[in-house]
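Enquirer: One structure, pasted below without further comment.
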Amino acid sequence: MKRLAVLAVLAALSAGLSTPTKARETATKSDSHADKLARQQQTALYKFQKKQEKAQAKAQRKADKQQQKAAKKYEKEQRKQLKNPSRPEKHTS
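Start counting the sequence shown at -9; every next residue gets the next number (my numbering).
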């Protein structure tokens, strides 16, 4: 009878010890999976930010070019006015 009780206790302990090992493996796998997903998300965010920076720089270059063109046109108009003062001014809106 005592042997049977001892065997039952040993069986229960061995089953209890094997379960946490599997749980630890599952936890390790889920942690590594979560790390992988976090890395992928970080990479995607980095790529998105780089694209945004590139688009913003392109828009800034375009705006600068338009500003420079407008300033050049204005200076040209001013030179024409100085050259021929009797010419009426253009009104632009």
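Positions of the beta carbon are idealized from the N, C-alpha and C atoms, including for glycine.
By how many angstroms is the C-alpha of aspartate 25 removed from the C-alpha of lysine 59?
Expert: One C-alpha to the other measures close to 51 Å.
Enquirer: When you compare only the Cα positions, how much space is there between glutamine 56 and lysine 66?
Expert: Pairing glutamine 56 with lysine 66, the inter-Cα distance amounts to about 15 Å.
Enquirer: Enumerate in chain order the residues of its own chain whose CB-to-CB distance from lysine 48 is below 8 Å, with the five nearest sequence positions on each side excluded.
Expert: none
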